[in-house]
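*Asks:*
Chains as they are written, first to last, in the numbering used here: chain E, 1 to 373; chain Y, 374 to 930.
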């Protein structure tokens with residue numbers, strides 16, 4: 001992962017410009033130092049998977065896919081027929097394999113029509129993640145359902161990451177899996193689902209106890225160089241009609257963290273236009289003192305509806321190597337955040353994402369001239 | 374200096390006596406000795422402009438043009454040394470057929486063909502003659518001779534009969550006209566000059582072409598041709614009226630853009646290559662934009678604002694596109710392609726010598742070059758020739774990063790070679806002042822971790838950085854003299870020679886008196902006797918050039 005390890009920081013300021021993201025004219029000598037803004041475009045976004053080389057976290061093996069379940073229910077003669085003697089690959093069979101409902105229904109769109117064996121999920125105890133529910137043991141709270149905790153990869157106790165537990169044994173979602181890498185590549189190639197991040201009100205990139213972090217969608221295409229890496233210091237006009245959630249944050253020893261916020265983010269992958277809706281989202285970014293890098297993780301409860309909307313669609317489009325009915329059941333069972341007030345069933349999955357960003361100029365609609373930084 | 378409004382007022386004839394008195398205050402044009410005429414091949418830009426002007430912008434011109442040669446610092450002078458190889462003629466032929474075909478398409482012919490044939494499937498001599506006469510006049514920049522018109526009409530008629538289609542006949546004749554030397558070459562004709570005994574002058578029509586290609590970079594429009602045909606361009610008043618009109622027209626921007634594209638060597642942008650591993654931001658879009666940025670800067674300063682030419686070296690005002698903003702590491706709104714931008718007072722960029730176009734063009738694909746940049750400053754802005762390097766230079770020390778980390782250190786080592794030192798000491802001290810811009814023109818303060826020293830000098834005058842260089846160029850008489858020489862050569866198609874010394878000296882004084890206004894320089898040259906007076910030659914070498922109807926060039930006594 002990580003198409004572009006170069007991460008830079010763009011410098012801007014807001015002095016006197018409401019909603020502006022860029023530096024204003026030099027302040028008078030007596031005026032306090034202007035607060036600065038730092039714009040980024042996300043160049044790499046992956047679900048944070050602590051998957052091991054030998055799949056120790058999946059002692060039962062990888063999950064069964066729609067394809068395997070589909071073939072398993074056939075006679076040898078039927079298999080010969082539907083695979084043209086084994087010549088039709090699993091990619092070619094992807095549409096047919098999903099049509100295994102009682103009356104040929106698509107089980108990704110109707111996952112409750114078929115009951116598959118339970119999905120194989122992560123059994124290890126270590127994961128990327130953050131303690132989102134505040135408990136040490138994962139017991140149910142007003143905002144969470146009972147669940148197992150992980151020890152953080154960095155040793156942090158009691159971190160939550162049910163999305164890893166759910167998907168860590170599914171080939172497509174693992175670090176070398178097609179789903180995650182394809183989504184990443186497509187975002188950069190098609191310039192869809194691109195996220196702009198703007199850190200404003202910054203006095204000091206090392207230590208600042210009061211900054212703001214906003215999230216936007218650009219209206220401009222992502223620019224890349226000849227090697228496919230995202231270009232730095234490119235101007236992107238924001239789309240003022242959607243997105244724009246803002247979190248409060250702080251920088252300590254160069255690490256930017258944000259307070260929890262429910263955030264909507266543009267998302268695209270595997271030919272599916274969707275949205276990430278992360279509740280209690282928190283950002284943890286390492287920012288270099290000279291503004292030349294920004295890299296870190298994003299944590300939060302992934303709203304199950306938006307997550308499933310994306311996941312069930314790619315079940316049709318590519319070989320994600322999971323079974324839709326099994327995944328549907330497991331994802332609802334493992335959801336650990338935001339219990340429904342009526343049913344008590346949780347509606348979100350704790351999750352963690354690895355993010356890398358390159359510096360960009362975040363241009364707001366009220367800015368009509370080029371600006372120095 | 375006489376202000377423009379006052380000048381116009383005076384020209385209105387309301388105070389002729391006062392005008393004579395006032396105009397006698399400024400520098401006066403010296404007696405002319407007469408230059409020579411030239412035959413110039415029209416450039417790609419001129420070809421495109423003429424076709425657009427005559428047939429409209431919907432007619433597409435898809436094809437390759439030969440790379441022109443550069444003489445005396447200008448393609449416009451090199452165009453007088455051009456010839457057409459058979460393969461080139463084939464390309465012109467293909468272009469001509471394509472254009473003629475488009476002009477005769479049903480959707481266009483109603484607007485572009487000046488008459489309606491009696492029967493579309495038959496030949497119509499009168500209508501063909503009408504169309505070919507009118508179009509030919511615009512393409513050849515003069516009325517067709519009767520022999521030419523008879524021939525073209527006959528070609529159209531015969532082709533119409535053969536194809537059973539009047540418009541097919543016109544198409545055939547028009548395609549032929551587009552490959553004639555009358556169209557592809559600007560051949561200047563002369564006549565005895567009644568105001569200068571013993572000298573020749575350009576005919577009114579040749580004067581019209583010189584004027585139009587100078588100011589608009591295209592063929593004369595209807596009004597200018599008509600003025601030439603009436604003899605108006607043989608009077609000072611008639612010339613001034615047309616020059617005023619043309620300088621006031623938005624079309625003058627195209628002329629100014631073309632002149633500076635030529636002077637700054639922007640034809641090289643098409644082949645500009647950068648190592649994108651070293652300069653990831655470089656792309657063909659950036660290449661187009663860097664040229665456009667400088668041209669927009671020049672047009673804004675010299676045409677729109679009618680500013681001081683010397684300010685091109687110091688102005689902080691320019692324009693930004695999204696791509697160039699990235700290279701300059703500034704933000705730019707992306708709703709429009711170009712937005713005005715002014716660098717801050719303390720910014721290392723001011724003047725076109727600090728713009729990406731100059732810096733990137735005069736660098737290597739993977740690194741900057743103080744030598745190329747210094748050479749370019751001398752050759753482009755100061756009109757000073759720098760000899761090419763010998764073919765057997767040893768670059769071992771120069772390329773040894775262990776020996777030297779910065780360009781200054783490398784060149785210091787390089788200059789220990791006495792063969793190289795002679796030229797390098799002339800150009801390097803200039804180019805080293807631009808070293809805080811890398812090979813793509815991006816700002817930097819260090820090279821290989823070592824702080825960059827941007828001190829230098831121009832002929833003993835010390836300065837710091839690109840901004841300092843701009844100030845020196847701004848105040849350099851050589852810089853203003855250079856652009857005068859270039860414009861004069863661009864206008865006449867030949868480099869100024871010994872016989873032009875007094876006139877160039879006069880232009881320098883007038884340019885200064887006019888506040889170094891570029892448009893005033895264009896006006897002064899266009900209005901001058903030198904612009905259109907030609908030295909008389911023995912009859913056998915007369916410049917009275919014409920082409921016979923079949924396109925063969927002949928010299929008339």
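Cβ coordinates follow ideal geometry from the N, Cα and C atoms, glycine included. From a predicted model like this one, the values you see are computed outputs, not experimental measurements.
1. According to the neighbour-count rule (16 or more other Cβ atoms, all chains shown, within 10 Å of its Cβ), is residue 479 of chain Y buried or exposed?
2. Quick one: residues in its chain with C-beta nearer than 7 Å to the C-beta of residue 826 of chain Y, no 5 flanking neighbours on either side, listed in chain order?
3. Which residues bound the beta strand (DSSP E) around residue 835 of chain Y?
4. Check for me: the alpha helix (DSSP H) holding residue 296 of chain E runs from which residue to which?
5. Look up residue 331 of chain E in the DSSP assignment and say whether it is helix, strand or coil.
6. Hey, is residue 665 of chain Y's beta-carbon within less than 8 Å of any beta-carbon in chain E?
7. Given a cut-off of 8 Å on the beta-carbon distance, is the pair residue 581 of chain Y and residue 514 of chain Y in contact?
8. For residue 22 of chain E, would you say it is in contact with chain Y, using Cβ-to-Cβ distances shorter than 8 Å as the test?
9. If we count Cβ pairs, one from each stretch, closer than 8 Å, do we get three or more for the stretch 795 to 803 of chain Y versus the stretch 711 to 722 of chain Y?
10. Report the start-end ranges of each beta strand (DSSP E) in the stretch 143 to 209 of chain E that is 3 residues or longer and not cut off at the edges.
11. So residue 947 of chain Y packs on residue 615 of chain Y, CB below 8 Å; how close in whole Å?
12. Please determine if the stretch 504 to 523 of chain Y and the stretch 563 to 573 of chain Y are in contact, where contact requires at least 3 C-beta pairs separated by less than 8 Å.
13. Identify whether residue 216 of chain E lies in helix, strand or coil by the three-state DSSP scheme.
14. At which residues does the alpha helix (DSSP H) containing residue 878 of chain Y begin and terminate?
15. Considering only the alpha carbon of each residue, which of Y:642, Y:807, Y:858 and Y:612 lies closest to residue 830 of chain Y?
16. Excluding the 5 residues preceding and the 5 following residue 353 of chain E in the sequence, name in chain order all residues of the same chain whose CB lies nearer than 7 Å to its CB.
17. Tell me, please, whether the CB atom of residue 205 of chain E is closer than 8 Å to any CB atom in chain Y?
18. Classify residue 700 of chain Y: buried if its beta carbon has 16 or more other beta carbons within 10 angstroms, exposed otherwise.
19. Quick check on DSSP: helix, strand or coil for residue 273 of chain E?
20. Would residue 369 of chain E count as contacting chain Y if we go by Cβ distances under 8 Å?
21. Cβ of residue 438 of chain E less than 8 Å from any chain Y Cβ?
22. So residue 405 of chain Y packs on residue 902 of chain Y, CB below 8 Å; how close in whole Å?
23. I'd like to know if residue 331 of chain E contacts chain Y, where contact means its C-beta is closer than 8 Å to some C-beta of that chain.
24. Secondary structure at residue 831 of chain Y, three-state DSSP: helix, strand or coil?
25. With respect to the alpha helix (DSSP H) encompassing residue 743 of chain Y, which residues constitute its N-terminal and C-terminal limits?
26. Out of Y:661, Y:650 and Y:630, which one is the CA nearest neighbour of residue 641 of chain Y?
27. Which residue comes first and which comes last in the beta strand (DSSP E) that contains residue 573 of chain Y?
28. Chain E beta carbons: is any one of them nearer than 8 Å to that of residue 429 of chain Y?
29. Within 8 Å (strictly less), CB to CB, does residue 229 of chain E reach chain Y?
30. Near residue 818 of chain Y, which residues of its chain fall below 8 Å by C-beta distance, leaving aside the five closest residues on each side in sequence?
31. Are residue 349 of chain E and residue 335 of chain E close, meaning C-beta to C-beta below 8 Å?
32. Judging by CA-CA distance, which residue of Y:730, Y:828, Y:892 and Y:839 is the nearest neighbour of residue 856 of chain Y?
33. How is residue 356 of chain E classed by DSSP in three states: helix, strand or coil?
34. Residue 264 of chain E by DSSP, collapsed to three states: which one?
35. Quick check: is the beta carbon of residue 237 of chain E nearer than 8 Å to any beta carbon in chain Y?
36. Can you tell me whether residue 860 of chain Y is buried or exposed? The criterion is at least 16 other CB atoms within 10 Å of its CB, across all chains shown.
*Replies:* Per the coordinate set shown:
1. Per the 10 Å Cβ criterion, exposed.
2. 781
3. 834 to 837
4. That residue, residue 296 of chain E, is in no alpha helix (DSSP H); its beta strand (DSSP E) goes 294 to 303.
5. helix
6. no
7. In contact: residue 581 of chain Y and residue 514 of chain Y (Cβ atoms closer than 8 Å).
8. Because residue 22 of chain E sits at a pLDDT of 37, beneath the cut-off of 50, its placement in the model cannot be relied upon, and the following sentence gives the value as read from the coordinates. For residue 22 of chain E, the answer is yes, since a Cβ of chain Y falls inside 8 Å of its Cβ.
9. Output reads no: the stretch 711 to 722 of chain Y does not touch the stretch 795 to 803 of chain Y.
10. Whole beta strand (DSSP E) segments, 3+ residues: 196 to 202.
11. Since the first residue shown for chain Y is 374 and the last is 930, residue 947 of chain Y is missing from the structure and cannot be characterised.
12. Touching, no, given that fewer than three Cβ pairs across the two stretches are closer than 8 Å.
13. Of the three classes helix, strand and coil, the one that applies to residue 216 of chain E here is strand, per DSSP.
14. Unbroken alpha helix (DSSP H) run through residue 878 of chain Y: 874 to 886.
15. Y:807
16. 45, 46, 47, 48, 297 and 298
17. Taking Cβ atoms only, chain Y never reaches closer than 8 Å to residue 205 of chain E, which makes this a no.
18. buried
19. Reduced to three states, the DSSP call for residue 273 of chain E is strand.
20. yes
21. The shown model of chain E, from 1 to 373, leaves out residue 438 of chain E, and the question about it has no answer.
22. 5 Å
23. no
24. strand
25. 743 to 749
26. In this structure, Y:661 is the residue among Y:661, Y:650 and Y:630 with its C-alpha nearest to the C-alpha of residue 641 of chain Y.
27. 573 to 575
28. no
29. By this cut-off, residue 229 of chain E is an interface position.
30. Close CB contacts of residue 818 of chain Y within its chain, under the 8 Å cut and outside five residues either way in sequence, are with 809, 824 and 825 (chain order).
31. It is a contact, given that the beta carbons lie within the stated cut-off.
32. Y:892
33. strand
34. strand
35. True, the Cβ-Cβ gap to chain Y drops below 8 Å.
36. Buried is the label assigned to residue 860 of chain Y, since at least 16 other Cβ atoms lie within 10 Å of its Cβ.
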